[in-house]
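Trainee:
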Amino acid sequence: LDWWQADRYCEQRFAQLLLEPQDSEQGSFSKLLQSHHIRGSVWLKERDSVLHKTERRRGHTVPVLVFRDKTDTRYVKVLSDFPALPAVTACAHLQWDTRTQEIATIFSYAVPAFINEFQLRGCVDEEGFVRFALIVHGHHSPYLPVFRADGQWHHFCVTWQQENGTWAIYADGKRRASASGLCSVGPSAPQAIFGQGTFIIGQDQDSLGGTFRAKESFSGNITDLHIWQKVLSTEQIEQVRSCWVVEQDLVFGWSPNALEVESTVEAVTTQLLCPGPVEECRVLEVGSGGFSYASCLQTLPFICHYSKDAYWQLKRAQLESSHSLTSCVNTLAARTVIPDSAFTSGVQDMNLSVALDVLEILATVLREGEVPVLEPSDLLAVLQLLNQVSHMEIQDGDELEMLEQLGQYYMEIAEIILEEQNSGTWSSISQVIRGPMAVVELCDRMVSLLVPLLTPERTKITIQHGNIGLHRVTVKNMWFGYGSLQRGLSSSGPSAVSQDVAASDGGQRYLSTTVGTAVISSTLLSDHQEISTSVRYRLQHRVQVPP
82 LDWWQADRYC EQRFAQLLLE PQDSEQGSFS KLLQSHHIRG SVWLKERDSV LHKTERRRGH
142 TVPVLVFRDK TDTRYVKVLS DFPALPAVTA CAHLQWDTRT QEIATIFSYA VPAFINEFQL
202 RGCVDEEGFV RFALIVHGHH SPYLPVFRAD GQWHHFCVTW QQENGTWAIY ADGKRRASAS
262 GLCSVGPSAP QAIFGQGTFI IGQDQDSLGG TFRAKESFSG NITDLHIWQK VLSTEQIEQV
322 RSCWVVEQDL VFGWSPNALE VESTVEAVTT QLLCPGPVEE CRVLEVGSGG FSYASCLQTL
382 PFICHYSKDA YWQLKRAQLE SSHSLTSCVN TLAARTVIPD SAFTSGVQDM NLSVALDVLE
442 ILATVLREGE VPVLEPSDLL AVLQLLNQVS HMEIQDGDEL EMLEQLGQYY MEIAEIILEE
502 QNSGTWSSIS QVIRGPMAVV ELCDRMVSLL VPLLTPERTK ITIQHGNIGL HRVTVKNMWF
562 GYGSLQRGLS SSGPSAVSQD VAASDGGQRY LSTTVGTAVI SSTLLSDHQE ISTSVRYRLQ
622 HRVQVPP
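Its first residue numbered 82, the sequence shown is counted upward by one per residue in my numbering.
Pasting the structure below:
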């Protein structure tokens with residue numbers, strides 16, 4: 082599977098994608114893989130990967146322009162009035178035709194006073210890299226490597242500003258080249274790029290709007306071209322690459338209506354998979370035992386890893402299960418909603434109506450107390466289901482009432498599994514699930530799905546169930562009552578912490594964890610992207626003796 086699918090596949094089975102083996106483990110590890118006839122590369126999870134919160138990758142359907150072969154006739158003209166540009170950023174998704182080594186013009190912008198006013202050109206070098214060069218007021222940057230000529234889609238951005246003639250080229254989210262002094266030489270101070278010019282995609286203009294030469298034309302596919310009257314920050318470039326449009330100072334946004342397309346240029350619609358922030362993922366080379374990186378979208382073999390304790394707890398949960406919850410839910414649904422085994426469940430891609438159906442049945446069974454105390458296998462099955470629902474993609478046409486109802490059921494189920502009678506069950510799977518904070522994380526992800534419910538008219542929603550509730554502005558707040566998390570943390574009850582046990586060194590011995598306040602989980606979002614700012618909360622602390 083690709084890296085994201087592999088990671089989810091393991092997570093869904095309460096395992097973890099294999100971490101980088103320590104040096105001491107490496108020899109035995111390679112032998113083990115070879116005994117299973119695994120060659121080549123396998124996916125790894127980096128040990129510090131808690132730092133990368135993998136963004137959701139969204140499917141993004143866009144009109145693509147197809148330039149088949151190099152010609153002197155195929156072009157696309159941007160129908161937009163360009164102001165003077167003291168600073169500029171241009172970004173697009175591009176598929177390079179690898180059959181040719183010749184120079185190709187991705188776009189050219191010409192004004193009457195200067196034909197080569199602003200241009201981006203590229204070529205393929207001997208090492209198999211596409212190199213880009215930027216031209217401003219006729220001054221040419223060197224050709225520098227930006228991405229592999231592998232026929233895949235790549236995202237690029239180029240930036241330039243009048244001040245110091247500073248320029249940069251980004252590809253697939255990383256800055257590949259930058260310098261200053263592009264067109265800032267000469268007696269007069271550098272000028273802005275002139276306005277009111279002609280912008281052509283796919284051809285070099287040797288006269289204003291025309292005189293094309295096949296030799297310098299572009300062949301390949303291009304989409305999602307946007308142009309701004311400013312230098313975008315690295316964060317904004319990352320946003321654009323993930324298919325969010327930065328509206329501020331946008332001069333041209335990609336739209337078929339704003340293009341004059343020559344009749345032999347094909348326009349087709351394709352779906353791009355917008356990446357998360359990390360494009361390259363860690364792999365282990367089985368033969369050599371070395372580590373490297375590969376594109377996360379490649380499909381490679383992978384291994385799910387369990388700690389021994391977690392593995393045996395899962396096995397025991399399965400062996401001792403009476404399947405009462407499973408059979409209640411599956412009977413009511415008249416199909417297999419909850420699989421018999423936590424090890425074999427496939428990763429189902431849920432849609433909204435299926436998810437709503439499943440959670441309604443599960444909430445009904447739990448609410449009516451048909452299964453008074455959840456067995457370990459039941460609790461794992463419920464968590465598995467909540468996890469699947471929280472990974473769902475909300476589609477544009479989805480009914481918002483259904484989405485809100487889904488949120489209601491989700492909170493209700495989360496509240497029931499944290500109830501007091503299930504605290505023993507939590508401790509019997511303590512190695513598999515890191516306690517009830519797992520529910521906090523699941524609810525947190527679920528709340529992100531509810532973003533479409535917020536509109537200018539409805540700036541806040543509140544979903545409340547028992548001890549757990551959430552309300553959401555562009556701040557996503559979740560509040561977990563003190564008791565709901567305590568029950569899962571220590572089966573010995575809150576009193577245990579106050580026993581005064583003298584340790585041999587005269588200090589006090591740690592006995593258990595007690596939740597001292599309610600727990601709040603908050604995320605700030607702006608245009609669906611997380612933002613960083615300070616928020617102040619005041620929590621009432623429960624009085625404890627000794628403190």
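C-beta: ideal position from N, C-alpha, C; glycine also.
(1) In angstroms with no decimal places, state the Cα-to-Cα distance between residue 525 and residue 393.
(2) Helix, strand or coil: which one does DSSP assign to residue 189?
(3) Would a C-beta distance cut-off of 9 angstroms place residue 366 and residue 121 closer than the cut-off?
(4) Ends of the alpha helix (DSSP H) at residue 112?
(5) Would you check if the region 381 to 395 and the region 172 to 183 touch, i.e. whether three or more CB-CB distances between them fall below 8 angstroms?
(6) Please confirm whether residue 113 and residue 304 have their CB atoms less than 9 angstroms apart.
(7) For the candidate residues 89, 504, 395, whose alpha-carbon lies nearest to that of residue 473?
(8) Examine the Cβ distances between the region 156 to 175 and the region 184 to 204 and report whether three or more of them are shorter than 8 angstroms.
(9) Assuming residue 343 contacts residue 154 under a Cβ cut-off of 8 angstroms, what Cβ separation, rounded to an integer in Å, is found between them?
(10) Residue 242 lies in the beta strand (DSSP E); which residues open and close that run?
(11) Kindly indicate which three-state DSSP category residue 104 falls into: helix, strand or coil?
(12) How many whole angstroms separate the CB atoms of residue 310 and residue 332, which I take to be in contact at a CB cut-off of 8 angstroms?
(13) On a CA-only basis, which of 312, 412, 455 is nearest residue 442? Give me that one, please.
(14) What residue range is occupied by the uninterrupted beta strand (DSSP E) comprising residue 251?
(15) Measure the C-alpha to C-alpha separation of residue 148 and residue 460 and round it to an integer number of angstroms.
(16) Helix, strand or coil for residue 532, going by three-state DSSP, please let me know.
(17) Here's the rule I'm using: 16 or more other beta-carbon atoms within 10 Å means buried, otherwise exposed. How should residue 254 be labelled?
(18) Look at the Cβ atom of residue 217, then the Cβ atom of residue 252, and state whether they are nearer than 9 angstroms.
(19) Compare the Cα-Cα distances from residue 567 to each of 560, 595, 543 and report the closest residue.
(20) Helix or strand or just coil, what does DSSP make of residue 124?
(21) Leaving out the 5 sequence neighbours to the left and right, which residues in its chain are closer than 7 angstroms to residue 225 when beta-carbon positions are compared?
(22) Excluding five sequence neighbours on each side, which residues of the same chain lie with their C-beta closer than 6 angstroms to the C-beta of residue 509?
(23) Compare the C-alpha of residue 168 against each of 264, 475, 161, 414 and name the closest.
(24) Does DSSP classify residue 306 as helix, strand or coil?
(25) Can you give the Cα-Cα distance for residue 236 and residue 261, rounded to whole angstroms?
Mentor: The relevant details are as follows:
(1) 29 angstroms
(2) Annotated three-state conformation of residue 189 is strand, per DSSP.
(3) yes
(4) That run of the alpha helix (DSSP H) goes 107 to 116.
(5) no
(6) Cβ atoms of residue 113 and residue 304: not closer than 9 angstroms.
(7) The shortest Cα separation from residue 473 among 89, 504, 395 belongs to 89.
(8) The answer is yes - the region 184 to 204 touches the region 156 to 175, with three or more Cβ pairs under 8 angstroms.
(9) 7 angstroms
(10) 234 to 242
(11) helix
(12) 5 angstroms
(13) Among 312, 412, 455, the Cα nearest to that of residue 442 belongs to 412.
(14) Per DSSP, the unbroken beta strand (DSSP E) holding residue 251 starts and ends at 248 to 252.
(15) 55 angstroms
(16) helix
(17) buried
(18) Taking 9 angstroms as the Cβ cut-off, residue 217 and residue 252 do not qualify as a contacting pair.
(19) Ranking 560, 595, 543 by Cα distance to residue 567 puts 595 first.
(20) strand
(21) These residues qualify, in order along the chain: 212, 213, 250, 257, 258.
(22) 457
(23) Taking only the C-alpha atoms, the option nearest residue 168 is 264.
(24) strand
(25) Computed Cα separation, rounded: 23 angstroms.
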